[in-house]
Structure formats: structure tokens, C-alpha cells
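Working notes, beginning with the structure itself.
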Amino acid sequence: MPSGFNGVGLEDNGHSERKGTVLTASFHILTTLIGYGILSLPRATAQLGWITGPALILLFAFVPYYTSTLLSACYRSGNEHCGQRTSTYIDVARSNLGVTTLLYMLSGCFGYAAFGESARESFLDGFVKPHWLLKIANAAIVLHLICSYQAYCQPLFAFVEKTAAQKYPDSQFITRNFEVPMPGSGTYKLNLFRSIWRTMFVIITTVVAMTMRLTFFKDAISFLGAWGFWPLTVHFPVEIYIEQKQIIKWSREWIWLQMLSFVCLIVTIAAVVGSIAGIVLDF
1 MPSGFNGVGL EDNGHSERKG TVLTASFHIL TTLIGYGILS LPRATAQLGW ITGPALILLF
61 AFVPYYTSTL LSACYRSGNE HCGQRTSTYI DVARSNLGVT TLLYMLSGCF GYAAFGESAR
121 ESFLDGFVKP HWLLKIANAA IVLHLICSYQ AYCQPLFAFV EKTAAQKYPD SQFITRNFEV
181 PMPGSGTYKL NLFRSIWRTM FVIITTVVAM TMRLTFFKDA ISFLGAWGFW PLTVHFPVEI
241 YIEQKQIIKW SREWIWLQML SFVCLIVTIA AVVGSIAGIV LDF
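Residue numbering for the sequence shown follows UniProt numbering, beginning at 1 and increasing consecutively.
This is the structure we're talking about:
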């Protein structure tokens, strides 16, 4: 449901009635999973080769797919059939993780096939013509970054606004909502604090990103992606699954999950170190 709009009715978890569809959920997944880093896959594939490159793409496509199944198994707390529902999606996540793996494979392999060992960090840099197609591609990247920015920032926005409301409950500036009629969409709740701080946050992060773009943007993006891979994609889903399903310690399943988490942690550390080295070299 769009943020700020009044819904009708509550679901079994006490949250407002959901308005999303499979299509909107698919757009959210694709927007957050497919980032700017996909443009560097041809370069990575060129460095790894035809065997190791695609093999690693498939391997690390399997990891988020598997951990998504763990989260899906935790869809309801307690009883998996009648327990309290959590606000997440199941089948749509699994299906779209397979629309993303194919895209990664096509980007990495076709880019490598087109440019060979001379593949750039961003494969768009390898094209000169046609100009109109390059402009469309760059415009699509900008549109994608705007959408993914909104998706990624929602948890941060919610955290800051909830914390501020709890700390200053009597502040009209923070807690008061002005109801603005929206033709055909009900009523929109306009909050001054939310509007001002979000606007300032977007301005500041945009200026910082523009500054980074001139120096070490690609390496900084790599660092952020590597930093978030293990905790968000592996560690939290694994620990949630173990806790909710009461997996016995030192059982086969427990050992497998811990091994998966440990290996991904090592990969994350290596990627973070490599990204930091790239940032240092950029200076």
C-alpha cells in the first residue's frame, strides 16, 4: 500500500490491508536486486573466464534463492498454517530470483563475448554508437536508480520517523498529520517533519553521490553491496529460520546452515577488502 494513504480494514497481523499485487511485488524485487553493479559483470566475467565466471554467477544466484526459501518458510510465526502472518511475499520472490539470474548471465556472458578481454568496468563505456540508444540506456539507469533509491530508503525513513515520534511525542511538528484530500485516492496524510527531513536527506545523499561519481563511485557501490551481502542476504534469514523452526544445534541442518553462513561471510570480507583497495587506488 502506498505510504501515507489510509487503507480500509486490517489483516490477521494487525497491519493495514495490503494493496500490492504480484506485478508490483515483482517490480520491487527487480528494482532492489538488479543494481548498477550489473554493468560491471562483463568485466568480471572477462577476468574469470568462460567457466569460472558463469559458474560463480549461478552459485551466488543460488544463495539468495535458497535464503529466500528460508524466509518463505517463516511466513507465519508458530504454526505454519494458522500462525500470525508476517508482512512479506513468498512465491513471487522465488520466481523473480530466477528473471534476475538469467539477466545476470546474459549481461556477463554477452558482454564478455562482445568485448572480450577489453571489457570495461561499465560495459556501456565500450559503446560509442548509436548515440540515441546510449541515451536511452543511460536514462533507463537513472530511472532505475531513482526507483531503487526509494525502495532501499523506506526502512531508514520509517526508523528515523518512528524514533523521533517516540522521543518527542508532544511535538506537533513531528507527530501531527495534515489530511489532504486526493481525488480518487482517499486522503493523504501530510507530515511536515517527514516531508522536510526526507527532502534534505535526498538532497545531501545526491550531492555526495555526485561527488563520489567523479572519484570512486564504482568502488564505493561495490563496497556497499559487499558489506550488505552477508548480513542481509544470508545471516539474518538463516538465524531467523533456525530460531523459528527450532533447529537443533549440531544437527545436520544446523551445520549446513552455519557452513553456508560462514562461507558467505568469508566471501563478503574478501569483497569488502577488494573494494577498499579499489577506493584507495582511486585516490
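Note that beta-carbon positions come from the ideal geometry of N, C-alpha and C, so glycine has one too.
For clarity, every value in this text was computed on a predicted model and none was experimentally measured.
Going straight from the alpha carbon of P183 to that of L48, what length do you get? 55 Å
Can you tell me whether DSSP reads F159 as helix, strand or coil? helix
Report the rounded CA-to-CA distance for V63 versus P169, giving the unit in angstroms. Computed Cα separation, rounded: 42 Å.
If we call anything under 7 Å between Cβ atoms a contact, is Q227 one with V267? A small fix is needed here, since residue 227 is Trp in this sequence, not Gln. Cβ atoms of W227 and V267: not closer than 7 Å.
According to DSSP, residues forming a beta bridge with G186: M182
At the level of alpha carbons, what is the spacing between Q172 and F193? Taking C-alpha positions only, Q172 is separated from F193 by approximately 9 Å.
Using the Cα positions of P54 and L39, report the straight-line distance between them to the nearest angstrom. 15 Å
In this structure, does DSSP put N6 in helix, strand or coil? A caution first: N6 carries a pLDDT of 44, below 50, which makes its placement in the model unreliable, though a value can still be read off. Three-state result, N6: coil.
For F229 versus S275, is the C-beta distance shorter than 7 Å? no
Suppose you measure from the CA of I141 to the CA of G111; what does that come to, to the nearest Å? 17 Å
Just the Cα atoms here: how many angstroms apart are A137 and T101? 20 Å
Option in P237, G37 and G108 with minimal Cα separation from L58: G108
Cβ pair count under 8 Å reaching 3, the segment 159-168 against the segment 144-151: no
By how many angstroms is the C-alpha of L70 removed from the C-alpha of T88? Here T88 scores only 48 on pLDDT, less than 50, and its place in the model is too uncertain to base an answer on.
Could you pull the start and end residues of the alpha helix (DSSP H) that S72 belongs to? L41 to A73
Express the C-alpha separation of T45 and W256 in angstroms, rounding to a whole number. 29 Å
Would you mind giving the Cβ-Cβ distance between L134 and L124, rounded to the nearest angstrom? I have them listed as a contact below 8 Å. 7 Å
Does the Cβ of P237 have 16 or more other Cβ atoms within 10 Å, making it buried, or fewer, making it exposed? buried
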